[in-house]
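In the order they appear, the protein sequences are chains A and B. FYI, in the numbering used here the residues of the first sequence are 47 to 649. FYI, in the numbering used here the residues of the second sequence are 47 to 649. Heads up: the structure comes next, in C-alpha cells.
Number of protein chains: 2
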Amino acid sequence: LARAKKLRRLVVKHGWKEEDRRIAAELIGEPLPYALHEGMFLKTLLEQGTDEQRKLFYERAEKYEIIGCYAQTELGHGSNVRGLETTATWNADDKTFTLHSPYLTASKWWIGTLGRTANYAAVMAQLIVDGKSCGPHPFVVQIRDLKTHLPLDNIHIGDIGPKFGYNTMDNGFLLFNKVKIPHVSMLARFSRVDPKTNQYIRPSSPSLVYGTLTWIRSTIVMHAGAALAKGVTIAVRYCAIRRQFRDMDAPDSVVEEMPVLNYTLVQYRLLPLLAATFGLHFTGKAMMELYQENQKSMQANAGKGDLLPDLHAMSCGLKALASYTAAEGLEVCRRACGGHGYSSFSGVGGFYADYVPTTTWEGDNYMLTQQVARYLLKSARAVLNGESTSNDTTNFLTTFRSRSDSAPVFDVLNFDADLVQAFAWRAASMTFDALKKRDDQKMAWNDLLVDFYRLSKAHSQYLVVKNFFESLSALQTAGSLGTETPAVFRKLFQLYTLHTLDSESSDFLLSGAVTVRQIEQSRTTIMRLMKEIRPHAVRLVDAWGISDFQLDSSLGRYDGKVYEDMFHRASELNPLNGITIDSNPNSDVLFRSVGGENVKSKL
Amino acid sequence: LARAKKLRRLVVKHGWKEEDRRIAAELIGEPLPYALHEGMFLKTLLEQGTDEQRKLFYERAEKYEIIGCYAQTELGHGSNVRGLETTATWNADDKTFTLHSPYLTASKWWIGTLGRTANYAAVMAQLIVDGKSCGPHPFVVQIRDLKTHLPLDNIHIGDIGPKFGYNTMDNGFLLFNKVKIPHVSMLARFSRVDPKTNQYIRPSSPSLVYGTLTWIRSTIVMHAGAALAKGVTIAVRYCAIRRQFRDMDAPDSVVEEMPVLNYTLVQYRLLPLLAATFGLHFTGKAMMELYQENQKSMQANAGKGDLLPDLHAMSCGLKALASYTAAEGLEVCRRACGGHGYSSFSGVGGFYADYVPTTTWEGDNYMLTQQVARYLLKSARAVLNGESTSNDTTNFLTTFRSRSDSAPVFDVLNFDADLVQAFAWRAASMTFDALKKRDDQKMAWNDLLVDFYRLSKAHSQYLVVKNFFESLSALQTAGSLGTETPAVFRKLFQLYTLHTLDSESSDFLLSGAVTVRQIEQSRTTIMRLMKEIRPHAVRLVDAWGISDFQLDSSLGRYDGKVYEDMFHRASELNPLNGITIDSNPNSDVLFRSVGGENVKSKL
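The following block contains the structure:
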C-alpha cells in the first residue's frame, strides 16, 4: 500500500498520463492495492454510469477522494455470474434498493482492493423488481466511513487471508445485512428501474458489455508473451553461465565443464519457449489490431460489429492458450535453473505465483473453451448449409470440406505454408468431428467437453501459428531487418510449430494431416533447429531489453555476475543473518540475540 | 524451530521409536529445521564412520548434544558431485586436514539445517593428498560454538534467504578459510588416509555408497503416491461439493446447478490422477520389496548384489516419473479447485511449493534419465550379444527382438495384459532405436539426451503399469476384497493406462504397438471409464483416511463444510482484520489502529 500511495502521488506531482502510470506500475512489478480501483472500479463507473452518475462517482474516484473495488465473485459463485446470490430489491415505496446477502455463500469473495483499502464498491447483485428477478446488475455503494475508515453499519468486510501468490493485494469479502441505497446507486446507462412506473427497463444492446470482456482478454493475450519473456530471459542467461559436468564424449584432455544450455535436454525445455514468446507476441499484436478494427466498425455501424463473434471466440481461446503457455512456461524456466531456481533470488518463483491466477480469472481457461467450440460448431453448420459469410474460419472449414475425400499431403518439413495449412486442417477436422457427435449422434454437451477443450486448443494453436507466419512474412517483405534476423525468426517459427505438432501428434494423425513418418522426422528436425538457434539464444533474449531492475533476479543478470549477486543478497542483505538462535532442543530460548554485533562474519 | 524442539522433547519424554518420530514429523506437515540432522547427518555418521568416530560423533549427535547438517551442494555445483571445489588438504607434518573454499562458487549452499540451527557439519570436500586429488570425501567439522552458537573463527555461515516453498527450513551457506581439523574428522569406514605412511587408501566396495542413494530414491517413489493423494482428496471432495452452472442439456425445470465433479472436463483432470495415485502406491511398494530383497542378497553374497543395477536404474527412472507426476498433479488439483484453489486455506498451494523441490533433489529428474538409458542400452547390447542374464528387462527386450518382424497386434482395449505388453513393446522399441543411433550411427551422447529422456519415461511408465496390473491380479487372487472393489480398481488401472497411452500416443504409434484407430477408440473408452468411476470417487479418497488435521484444508474437509470453514478462517482467524488502515494516497499514515476493538463486525 505504501508503494501504491507513493505512485499515486508521483502521478499527481508529475502530471503523468494513464500510459505513464501503467508503465510505472509495471515497473514496480507486484500487484498494488489500488489496482482494482484504477482498473475495474473507474472503468465500470465510466462505461456503465449515466452522466449524472459519472459526475457523482467517477469524478471523485478519479481524484482518489473515494477508492473503490469491483465486487462480483461470491464465496459460492465464480464463473457463473447469473448464479450470484446477493440481491438488490427495489422498494417502490421509498424509491430505494435494499442490498442483502441471504446466505453465507453470497459473501462477495476474492474482491481485490476490498480487504483493507476500498471505501466504495461496485457490487453486482440480482435486481429484484416487484418480486421478479431481472438478473445481475451493478450498484455503487459506500462501504467504509470516509473519515474513520471503519465499515458502515450492517456491512461486514474483511481480508480473506493468505494466498498462493498475489499477497500484496488485499483480496476481501463483503456481506450486506439489508442495506438501503438510493435509486441513483444503480448504474443505469444500459438498463434501469423507472422510479415513476416502478418498471424495469432492459438494455438495448447487450453486446457492448461483451466488448469490455473481450478487451480484457485481448490484453491478457498481449501480456502473456511479455510475462513469459521474463522467465525465458532469466533461464536462458543463467543456463549460458552455469556449467555442470564435462561433455560425455569429450576427450580426457578437456577438463572444463559445459554450459548447461549446450545440453540438448536443456535446450529442449527452453528454446521452444523462447520461440513461443515470439509467437505469443505476434498473436497478441494481431489480436489488438482486430479489436481496434472491430471498434471502428462498431462505431461506423451504430454498435453492430460483424467481427464481434470471431473476436469473442478468438479472445476466449487465445486467452486460455496464451495464459496457460506463459504459466507453465514460467515454471519450466524456474526448474531449468536447477536448485537455484527455488531461491527467491531467481526472480521466477514469486513471479509465477503472481502470474498463475491469470489462468483462472477473466474466464477460467477450461470453461472458456466451450465458447470457442460453440462458435466453431455454428460456423461449421453455416458452411454445411451454405449460409456462411466469408471469413478465415469459414474459409478453412470450406477448404477442408472440399478436400477431405482426397487425402491431403502437407509437406510440413519443407514448406512453412504447409505447416500452417496442417494446423488449419486439424482444427477443421476436429470441428466437423465434434459437429457430427453433437448434431448427428445427439451426444450430451457434457460428454463433449473434453472434445471441445481439444478443439479450442487446436483452433487457438492454429491462430498462433498463422499469426506468427504472417507477421514474419510481413517483416521479410518490409526488409528493414536485413536477412539474417528474419532467417533466425523463421527457425523459431519452425521450432515452435514442429514442437507443437509433435506434442499434439495424435490429433494431427487422427485428422490425417500428417503421417507417422513425418512425426518421426519432425523430431529430428527439432534437434537440428535447436542446434542452429543455440548460438543466437542469449542475443535474442538480450534484444528484448528487459532491465535487471524488472527481472529482479540474481540468475538473470545481464552482466552474468550470478554467484556474486547470490552471495551478496544471502550474506549481506538477508536480515535472518543478524539473528543468533538457540538450537538446543532442551532450551526454551529461541533467539539468543537479534541484530547488534555482526555475528556471521569472522573471516 | 519451536515445533522441532517440542517434537524432540516429546520423543525423549515418551520414549518414541524412530518410526513414531517419523509419523509425528509427518503429522506436523512442514519441513522442520532438525530434519537434516535426523536424516542425513546421523545417517552419514552411522554408515561412513568407524567405530571410534561413531562413539565420538554419532553418540553425541543422537542425544542432540551436537546438531549437524550435511554439506555437499555448492553455489556453483549441484548435480556434479565430482566437480565440488571445497578442498581438504592432508598435512603430513602435523597429521591434520585443512578445509578451504578457494572460490566464491565453492561456498556450500542450500544446506538444510545449516542456516541458523546446526553446530556441526558433515562436509563433502575434495581430498588432496600429496598434491593429488582423490575425489570428494566426507569430513565432520564443528562450525558453531556450542555455548554462544556463534560461528567459529575462519568460518563464514549464514541463511541463504527466502525460497519458493520450504521456508520453515533454514537452508544455509558455509565457507572455510583454511580451517585445520584433526585426522579423526575424515569419516573413514570406506576410505582413509594412513597417518603413518601418508598414503590414501581406496574404498573396497563403492557399491555400498550407491545403496544409500537408491534407498532414498525408493522412499521418494513410495512417498509420491501419498503426496498426490493429499491433493486428490482435497480436489475430489471440493469438486463434489461445489456447484456451478446448470447442465447445458437439462430441461428448464431443473434449476439446480451441477456439482462440478459431474463435468467431464473436471473428471478428465482429476480422475486420471486418482488412478495414478494407486499406480504410484503399488509401484512404491514393489520398489521397496525389491530393495529389501537386494539387501538380503547382498548380505548373503558378501556385498555383491545381482539386483543392484536393475534397482539403481529403476530407482532413478521411477524417482523422476513419480515425483514429476505428484508435483504436476498437485498443481492440477489446486487449479481444479477454481478461484479458491489460490487461497492458502485450500491446503494445496503451500504443500505443492514444499513438495516440488523433490523433482530436483536426490538427482535432478532430467539428469537421472541418463542413468536409465545407460542401463537399458547395456541390457540391449547384452541381449544382442546373447550374453544377458534373465530378468524382466532382458526378457521384454528379447521378446521384442523375436517378434519385431511380425507386426504385433496388442488388443489394448479388451485385454489388460495386452496393455502391459504394449507398454513393454514401446519401451523395447525405443531402446533398440536409441542403441542404433548410439552404436551404429555413432551419434553424440549429448544429441541423444532427448531420446534418453523419452526412453526413461517410457520404461518407468511400463514399470508402473506392470506393477499396478500385477498388484491388482494378486489382490483379486487373494479375494479378501470381495468382487466389487477389485472391479473398481481394474477400471482405475485401465483409466491410468489408457490415459497415459493417449498422452504418449506418438511413441506408441512410432513403435507400432498400437494403431491410430486404437488411439481414437481409447479416447472413447476413457470417457466411459470416467463415467463409471465417478460414483466411487469420493468413497475412494475417503478410503485413504487422510485426516482433516493432515489436509489442513477448508476445501477438502471430510464433512463438506467448505464455505463455513473458509468464512471462519477469513473472518475470525485472519489477524489482518484487526487492523484499520488509511487508504488516502495523500496521507502518510498507513495504520490507523491495530487490534483493539473489533473493527470489522457491525452486523
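All C-beta atoms in this analysis are idealised placements derived from N, C-alpha and C, irrespective of residue type, glycine included.
His327 (chain B) - containing beta strand (DSSP E), residue span: Here His327 (chain B) belongs to no beta strand (DSSP E); instead the alpha helix (DSSP H) covers 310-346.
Stretch pair the stretch 310-321 of chain A + the stretch 540-547 of chain A: three plus CB contacts closer than 8 Å: yes
Arg162 (chain B) versus B:Ser147, B:Leu47, B:Asn620, residue with shortest Cα-Cα distance: B:Leu47
Beta carbon proximity, Lys646 (chain B) to chain A, threshold 8 Å: Low confidence applies here, because Lys646 (chain B) scores a pLDDT of 40, under 50, leaving its location unreliable and the question unanswered by this model.
Enclosing alpha helix (DSSP H) for His146 (chain B) [first to last residue]: Premise fails: His146 (chain B) lies in the beta strand (DSSP E), 142-146, not in any alpha helix (DSSP H).
Beta-ladder partner(s) of Gln172 (chain B), from DSSP: B:Thr133, B:Pro182
Buried versus exposed call for His60 (chain B) [16 or more other C-beta atoms within 10 Å across all chains shown]: exposed
Glu643 (chain A) versus Asp598 (chain B): straight-line alpha-carbon distance, rounded: Confidence at Glu643 (chain A) is low in this model, with a pLDDT of 45, below 50, so its placement is unreliable and the value that follows should be read with caution. Taking the straight line joining both Cα atoms gives about 40 Å.
Nearest candidate by alpha-carbon position, reference Leu556 (chain A), set A:Ala474, A:Glu618, A:Arg536, A:Glu578: A:Ala474
Beta carbon of Ser425 (chain B) nearer than 8 Å to that of Thr440 (chain B): yes
Cβ distance (whole Å) where Leu82 (chain B) is taken to contact Ala107 (chain B) below 8 Å: Contact doesn't hold; Cβ gap of about 12 Å is too wide.
Interface residues of the stretch 594-620 of chain B facing chain A [CB-CB below 7 Å]: Tyr609, Glu610, Met612, Phe613, Arg615, Ala616, Ser617, Asn620
Where the stretch 476-498 of chain B meets chain A: residues whose CB sits under 7 Å from a CB there: Ala490, Trp491, Asn492, Asp493, Leu495, Val496
Buried or exposed (CB count within 10 angstroms, at least 16 for buried), Gln245 (chain A): exposed
Stretch pair the stretch 572-585 of chain B + the stretch 482-500 of chain B: three plus CB contacts closer than 8 Å: no
Boundaries (first-last residue) of the alpha helix (DSSP H) holding Gly204 (chain A): Element bounds for Gly204 (chain A): not the alpha helix (DSSP H) but the beta strand (DSSP E), 201-205.
Interface flag, Leu150 (chain B) vs chain A, CB-CB below 8 Å: yes
Interface flag, Met86 (chain A) vs chain B, CB-CB below 8 Å: no
For Asp497 (chain A), the first and last residue of its enclosing beta strand (DSSP E): That residue, Asp497 (chain A), is in no beta strand (DSSP E); its alpha helix (DSSP H) goes 495-524.
Bridge-paired residues (DSSP) for Gly218 (chain B): B:Ile157, B:Asp205
Through-space distance from Met576 (chain A) to Leu336 (chain B), alpha-carbon basis: 40 Å
Alpha helix (DSSP H) runs wholly inside the stretch 581-614 of chain A, at least 4 long, in chain order: 583-590, 594-597, 608-613
Members of the stretch 284-300 of chain B near chain A, C-beta cut-off 7 Å: Gln290, Phe291, Asp293, Met294, Asp295
Members of the stretch 160-183 of chain A that neighbour chain B once the beta carbon cut-off is set at 8 Å: Gly161, Arg162, Thr163, Ala164, Asn165
Cβ-Cβ distance between Lys224 (chain B) and Thr144 (chain B) below 8 Å: yes
8 Å Cβ cutoff met for Thr371 (chain A) and Leu423 (chain A): no
Cutoff 8 Å: Leu649 (chain B) Cβ touching any chain A Cβ: Confidence at Leu649 (chain B) is low in this model, with a pLDDT of 36, below 50, so its placement is unreliable and the value that follows should be read with caution. Taking Cβ atoms only, chain A reaches closer than 8 Å to Leu649 (chain B), which makes this a yes.
Partners in chain A for His195 (chain B), counting only beta-carbon separations shorter than 8 Å: Thr626, Ile627, Asp628, Ser629, Arg638
Reference Tyr284 (chain A), options A:Arg380, A:Glu339, A:Phe103, closest by Cα: A:Arg380
Three-state class that DSSP yields for Met232 (chain B) in the structure shown: strand
Amino acids of chain B, ordered along the chain, whose beta-carbon sits closer than 8 Å to that of Tyr542 (chain A): What Tyr542 (chain A) touches in chain B: nothing, since even the nearest Cβ is about 16 Å away.
Neighbour flag for Asp205 (chain B) against chain A, beta carbons, 8 Å: yes
Any 3 or more C-beta pairs closer than 8 Å across the stretch 531-541 of chain B and the stretch 287-302 of chain B: no
Length-filtered (4 minimum) alpha helix (DSSP H) runs lying within the stretch 442-484 of chain B: 462-481
In DSSP terms, what Ala117 (chain A) is bridged to: A:Val169
Cα-Cα separation, Met268 (chain A) to Gly395 (chain A): 22 Å
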